[in-house]
Amino acid sequence: KAGVTQTPRYLIKTRGQQVTLSCSPISGHRSVSWYQQTPGQGLQFLFEYFSETQRNKGNFPGRFSGRQFSNSRSEMNVSTLELGDSALYLCASSFGTSGRVRRYNEQFFGPGTRLTVL
Amino acid sequence: AQRVTQPEKLLSVFKGAPVELKCNYSYSGSPELFWYVQYSRQRLQLLLRHISRESIKGFTADLNKGETSFHLKKPFAQEEDSAMYYCALSLYSGAGSYQLTFGKGTKLSVIP
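Just so you know, the protein sequences line up as chains A and B, in that order. In this text, residue positions in the first sequence follow this note's numbering: the first is 4, and each later residue adds one. In this text, residue positions in the second sequence follow this note's numbering: the first is 8, and each later residue adds one.
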């Protein structure tokens with residue numbers, strides 16, 4: 004089974020620009036979560052999507068947004084980039100469960116997209 | 008608020024020596040804890056889940072609710088254990104959604 008893929012792997016942008024990152028989950032997985040990894044703050048949860056709906060959001064400004072498509076692929080967008088947005092952005096997929104079932108499913112991580120803001 | 012603390016940024020041990028990577032958490036509910044590992048130039052992957060109580064690659068971790076700890080242990084370190092290790096707490100956010108709260112990580116270096 005192919006793992007989680009993320010594109011592009013590297014990006015260089017300048018302040019004020021916007022960027023879109025893409026994540027393709029493992030086949031059959033319906034939940035996609037995004038994390039930001041920086042040396043100072045470590046790994047921080049951004050948001051989670053399931054069946055094209057954002058179910059959960061971390062403590063990030065509104066410049067960070069995302070969406071999920073009917074094939075479970077997900078994109079995240081960062082507008083008006085700041086220097087502090089430079090980070091490794093990780094995507095993780097899992098089977099996920101609907102709201103009626105409470106069961107944790109293992110999250111499988113992609114290789115990440117390294118974003119550098121100049 | 009929930010928090011995961013890994014007090015050591017870097018831990019160096021000799022091959023064959025015991026390893027203990029520390030993890031403490033703060034969470035008011037019933038915790039679900041994990042250890043993730045990231046080998047050089049590889050992606051983050053799950054190593055252990057406390058609920059499964061199994062040993063993976065010789066590593067074990069016991070949840071101690073009294074001390075709010077979930078330390079990772081291995082009796083004899085191997086060079087291939089050198090990696091970045093993250094302790095993580097799974098939080099149920101409602102509507103079937105979970106999020107992971109990670110510690111800052113500990114870099115384990117096994118000296119030959």
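Built from N, CA and C at the ideal position, the CB exists for glycine as well.
Query - Whole-number beta carbon distance between L93 of chain A and Y38 of chain A, since they are thought to touch under 8 Å - result: Within the first sequence, numbered from 1, the residue matching residue 38 of chain A stands at position 35. Within the first sequence, numbered from 1, the residue matching residue 93 of chain A stands at position 90. So it is a contact: roughly 4 Å between Cβ atoms.
Query - Whole-number beta carbon distance between R58 of chain A and A102 of chain B, since they are thought to touch under 8 Å - result: Here residue 102 of chain B refers to the residue found at position 95 when the second sequence is read from its first residue. Here residue 58 of chain A refers to the residue found at position 55 when the first sequence is read from its first residue. Taking a contact as a CB-CB distance under 8 Å, the pair A102 of chain B and R58 of chain A counts as one, their CB atoms being some 5 Å apart.
Query raised in the report: When the distance is taken between beta carbons, is Q40 of chain A closer than 8 Å to L91 of chain A?
Result: As a first step, residue 91 of chain A is located in the first sequence; it is residue number 88 there, counting from the start. As a first step, residue 40 of chain A is located in the first sequence; it is residue number 37 there, counting from the start. The Cβ atoms of L91 of chain A and Q40 of chain A sit closer than 8 Å to each other.
Query raised in the report: Within 10 angstroms of its Cβ, does Y43 of chain B collect 16 or more other Cβ (buried), or is it exposed?
Result: The residue you call residue 43 of chain B lines up with position 36 of the second sequence. Y43 of chain B should be labelled buried.
Query raised in the report: Got a sec? Which residues, its chain only, sit under 7 Å from P114 of chain A by beta carbon, not counting five neighbours each side?
Result: What you label residue 114 of chain A is simply residue 111 of the first sequence in a count that begins at 1. Only Q9, R12 meet the Cβ criterion.
**Report entry** Uninterrupted beta strand (DSSP E) stretches inside the stretch 7 to 52 of chain A (no shorter than 3 residues)
**Finding:** 8 to 10, 13 to 16, 22 to 27, 34 to 41
**Report entry** Nonlocal neighbours in the same chain, by C-beta distance under 7 Å from L84 of chain A, ignoring five residues either side
**Finding:** The residue you call residue 84 of chain A lines up with position 81 of the first sequence. If we look at L84 of chain A and ignore the five residues flanking it on each side, its Cβ neighbours are K16, R18, G19, Q20, Q21, V22, V120.
Query raised in the report: Taking the C-alpha atoms as reference points, what is the distance between G69 of chain A and V20 of chain B?
Result: Taking the first sequence and counting its residues from 1, the one referred to as residue 69 of chain A is at position 66. Taking the second sequence and counting its residues from 1, the one referred to as residue 20 of chain B is at position 13. Taking the straight line from one Cα to the other gives about 42 Å.
Report task. Helix, strand or coil for E27 of chain B, going by three-state DSSP, please let me know. Result -> Walking along the second sequence from the start, residue 27 of chain B turns up at place 20. Residue state, collapsed to three classes: strand.
Report task. Report yes if the C-beta distance between S37 of chain B and T75 of chain B is below 8 Å; otherwise report no. Result -> Counting from one through the second sequence, the residue named residue 37 of chain B turns up at place 30. Counting from one through the second sequence, the residue named residue 75 of chain B turns up at place 68. Contact: no.
Query raised in the report: Helix, strand or coil for G69 of chain A per DSSP?
Result: As a first step, residue 69 of chain A is located in the first sequence; it is residue number 66 there, counting from the start. Residue state, collapsed to three classes: strand.
Requested in this report: With 8 Å as the threshold, decide whether the Cβ of K29 of chain B is near any Cβ in chain A.
Outcome: What you label residue 29 of chain B is simply residue 22 of the second sequence in a count that begins at 1. No, no contact with chain A.
Report task. Quick one: measure Cβ to Cβ for S34 of chain A and G99 of chain A, integer angstroms, because I've assumed they're closer than 8 Å. Result -> The count along the first sequence starts at 1 and reaches residue 34 of chain A at position 31. The count along the first sequence starts at 1 and reaches residue 99 of chain A at position 96. So it is a contact: roughly 3 Å between Cβ atoms.
**Report entry** Where Y13 of chain A meets chain B, residues with beta-carbon distance less than 9 Å
**Finding:** The count along the first sequence starts at 1 and reaches residue 13 of chain A at position 10. Against chain B, the beta carbon of Y13 of chain A has no neighbour under 9 Å; the closest one sits roughly 14 Å away.
Query raised in the report: I think V1 of chain B touches D88 of chain B, with their Cβ atoms under 8 Å apart; what is that distance to the nearest whole Å?
Result: Outside the displayed range of chain B (8 to 119) lies residue 1 of chain B, so it cannot be described from this structure.
**Report entry** Interface partners of L79 of chain B on chain A, CB under 9 Å
**Finding:** By one-based count along the second sequence, residue 79 of chain B stands at place 72. By Cβ distance, chain A contributes nothing, its closest Cβ being about 17 Å from L79 of chain B, past 9 Å.
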